[in-house]
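As given, the protein sequences belong to chains A and B, one line each in that order. Numbered according to numbering that gives the first Met the number 0, the first sequence spans residues 0 to 282. Numbered according to numbering that gives the first Met the number 0, the second sequence spans residues 0 to 411. Scroll down for the structure; my scribbles are underneath it.
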Amino acid sequence: MSRFPRYYSPLQKLGSVSLSVSAYVVLAFLMLPILVIIPLSFNAEPFFTFTEGMLALEPEAYSLEWYQQIFSDDQWVLAIQNSFIIGICATAIATVLGTLAAIGMSNSDMPFQRAIMAMLLSPMIVPLIITAAGMFFFYTQLNLAGSYLGVIIAHAALGTPFVIITVNAALAGFDYSLVNASLGMGAKPTYTFFKIIMPLIRPGVISGALFAFVTSFDEVIVVLFLAGPEQRTIPRQMFSGLREEISPTILAVATLLVVVSMLLLLTLEYLRSRSERIRMGEL
Amino acid sequence: MSAHLSIEEIAQSQKQLRRKKVRLLAFTLPLLCFVTLAFLAPIATMLYRSVYHPTVSQLIPQTLTEMQQWDASANSLPPAPVLETFSVELRTLAKQRDSGKLAEELNRAVPGSSSLIKSSARKLKRLEEEALLTGGGQQLLDMHKKWHNPYLWTSMKKLGNVWTERYYLTALDLERNQKGAIEARDTQIYLKLYWRSLRIALTITLLTALLAFPLSYYLANTSSKKANTLMVFVLLPFWTSLLVRTTSWIALLQTNGVVNSTLQSIGIIDQPLEMLYTEFATIIAMTHILLPFMVLPLYSVMKNIDPSYFRAALSLGSKPMPAFFKIYFPMTLPGLSAGALLVFIISIGYYITPALVGGTDGQMISNIIAFHMQSSNNWELAAALGSLLLILIVLLYWIYDRLVGVNNIKLG
């Protein structure tokens, strides 16, 4: 066992081995439940479990039937469209408002900074069931319940804290003398904003937007309370599917969503390394 | 060059600072207005709904106005004119098919009064209004002997009050007895649920801490290249839809699911275990879902702990175990407490996973709030239960802010 330092006692070696074993066990606990649904979604039988044929790797035990079903079912197609429409609109609102607010909030001269920050971050802290119940009461009075606008506004509100946090982090190392230099040399404020501030905080803005999009894309409870049947989204459709009849179509949707989250993770990783390089001054 | 600023210069700089503050506020103002309208106003509406309940006062306004003169504590029936007005109003409600609403409201305060009101309303519909106005309420009193019970009338007067604390009493399993004193209900429903939610949230917090500790330690002490690769396996679940992860636990834990069939084929069990729709299912699925929230803060703290402290303790003659608990462990506490509070705050208000995998024993307080919102339509009680949960969360959030600082929340 050359990978241990020489001075290690047998007990320390045992401790070190058991530590790495338990770390990998926990990683398996994190990953296996997600990986297990991928092969199950290709099941030819309408079950949520592995058939004997699947275990024997017989080709006829596998099929793409459930994937075809997603795209031939009007409800699922509507749900996919809705998820993207609502998600994109909510993200746009949250990103614009959140980025502007974060620029104000990140400055130490901001009055009432702590109190305002607590207010702006509160949508992230309050349990969704409370938010959803309150929104149901309030939005019904304004005739916003059962409309796209209502769900979009609600999701935008839920997404803004994430934009503030990520843009704030991107602004942490921001050099305000650049803004003063630009303004001092006669640039208009809007020009300064788009040419000086924006390029430097762009990774933060984009990752905030991604967080806001995922918040909306993954949200069920507010949709459950506020949306009518016309506005059903993917998670809403999955939720009612899991409550009523469990069909492997849900597993196929789940597999597609895992692929989406992998793409998202890659994008964020790329952004993170990019913003690190910006901070180092390489870009 | 003078070291002192002139008064004009000070005034100038103060003016500039004020201008800057206004400019900064202007950046934040759009979002502040948006969040106030789209989020804070709904929350305020919910708090308001938990104490404001005008239904009864809208149904029988005239009766309630006249009742103001009547002393409800005298343990007697209201005077005849009140009874007459009530008969007329109940007749009108019956004609408008609204008497059921009054029956439902009164039944919550006086069990059994629902059928009384419904049957009397049916009978009143057939009588003439003039006859009721001059009959001294006798027609109503003759319909059922329950109308002679003063408690029914005092309850009605109390229900007519638009401001009420009774939903909070119900939410805390308390009630007012006939004398008006607050006492505990015979059967506890909501307190039990609060305790169960707290217990489940605490169990999940402990489990995530136990699982996250070795993993974070390993990640923090291995080469950074390997740690970055392994971190993907923590972040992928974190970014995967909550419903996807709940779905996979349903697939795993079902009677004929993956876990049962694996255990059966190995021969550990003969009969499939009933795991889905139990408290166990809620706990294990939520532990899985919330584990990344514990790993991320713990890992970021552990990564910055200098290993030489621990080595110094060892080389000064300490045994590994005491050195670990006295030197290393205390340094991980900022990360551990941040993760624990985060997991606890998120899990106490969880709805989706308990609703899908929890069955009846795995339900938490959020599920009963959703039940009162959607099925029993007792919105005021839902609002009161929600407000109590909100108070708990705000308290925890305040502790989190003291301990960790809200500004230090980092994502990814």
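Glycine included, each C-beta is placed from N, C-alpha and C at the ideal position.
Phe212 (chain A) has a beta carbon lying at 8 Å or more from every beta carbon in chain B. The three-state reading of DSSP puts Glu182 (chain B) in strand, counting E and B together. Proximity of Phe370 (chain B) to chain A, defined by a Cβ-Cβ separation below 8 Å, is not satisfied. Listed along the chain, the chain A residues whose CB falls inside 8 Å of the CB of Ile249 (chain B) are Phe47, Leu241 and Ile245.
A direct Cα-Cα distance of roughly 26 Å separates Ser239 (chain A) from Phe38 (chain B). For the 8 Å CB-CB criterion, Val95 (chain A) and Val150 (chain A) do not form a contact. Listed along chain B, no residue sits closer than 8 Å to Ile79 (chain A) by beta-carbon distance, the nearest being about 13 Å off.
Neighbours of Phe28 (chain A) in chain B, taken as residues whose beta carbon is under 8 Å from its own, are Leu210, His287 and Leu290 in chain order. Sixteen is the threshold: when 16 or more other Cβ atoms of the shown chains lie within 10 Å of the Cβ of Met293 (chain B), as they do, the residue is buried.
In chain order, Arg231 and Gln236 place their CB closer than 8 Å to the CB of Gln74 (chain A), counting only its own chain and leaving out the 5 sequence neighbours on each side. Residue-level contact by beta carbon holds for Met134 (chain A) and chain B, with a gap shorter than 8 Å. For Glu7 (chain B), the uninterrupted alpha helix (DSSP H) segment begins and ends at Ile6 to Val34. Approximately 6 Å separates the beta-carbon atoms of Met372 (chain B) and Ala132 (chain A); this is inside 8 Å, confirming the contact.
DSSP, reduced to helix, strand and coil, places Leu173 (chain B) within a strand of the structure shown. Distance from Leu177 (chain A) to Ile195 (chain A) at the Cβ level is roughly 6 Å; contact confirmed, criterion being Cβ atoms closer than 8 Å. As the crow flies, the alpha-carbon of Ile129 (chain A) is around 19 Å from that of Pro234 (chain A). Leaving aside the five residues that flank Met261 (chain A) on each side, none in its chain has a CB nearer than 7 Å to its CB. Of A:Tyr175, A:Asn106 and A:Thr159, the smallest CA-CA separation from Leu209 (chain A) is found for A:Thr159. Short of 7 Å from the beta carbon of Trp69 (chain B), and not among the five residues preceding or following it, lie these beta carbons of its own chain, in chain order: Pro77, Pro78 and Val81. The beta-carbon of Ser62 (chain A) is placed no less than 8 Å from the nearest beta-carbon of chain B. In terms of Cα proximity to Phe41 (chain A), the closest of A:Pro32, A:Pro58, A:Ile115 and A:Ile33 is A:Pro58. For Leu99 (chain A), the chain B residues whose C-beta falls within less than 7 Å of its own C-beta are Phe26, Pro29 and Leu30, listed in chain order. Contacts with chain B at 8 Å (Cβ-Cβ) include Ala22 (chain A). Counting only Cβ-Cβ distances below 7 Å, Thr44 (chain B) has contacts in chain A at Gly133, Phe136 and Phe137, in chain order. Collapsing the DSSP output to three states places Tyr47 (chain B) in a helix. With its beta carbon at least 8 Å from every one in chain B, Gln74 (chain A) lies outside the interface. Around the beta carbon of Met109 (chain A), 16 or more other beta carbons sit within 10 angstroms, so the residue counts as buried. Taken atom to atom, the span from the alpha-carbon of Asn106 (chain B) to that of Leu158 (chain B) is near 11 Å.
Against chain A, a Cβ distance below 7 Å from Lys19 (chain B) picks out Asp108. Taking 8 Å as the cut-off between beta carbons, the residues of the stretch 235 to 266 of chain B near chain A are Leu235, Pro236, Trp238, Thr239, Ser240, Leu241, Leu242, Val243, Arg244, Thr245, Thr246, Ser247, Trp248, Ile249, Ala250, Leu251, Gln253, Asn255, Gly256, Val257 and Ser260, in sequence order. In chain order, Ser119 and Lys122 place their CB closer than 6 Å to the CB of Met142 (chain B), counting only its own chain and leaving out the 5 sequence neighbours on each side.
For Trp162 (chain B), the three-state secondary structure derived from DSSP is strand.
The Cβ atoms of Thr204 (chain B) and Phe343 (chain B) lie closer than 8 Å to each other. Between the C-alpha atoms of Leu265 (chain A) and Leu99 (chain A) there is a straight-line separation of about 27 Å.
If you check the CB distance, Gly103 (chain A) and Val166 (chain A) do not come in under 8 Å.
The three-state reading of DSSP puts Asn220 (chain B) in helix, counting H, G and I together.
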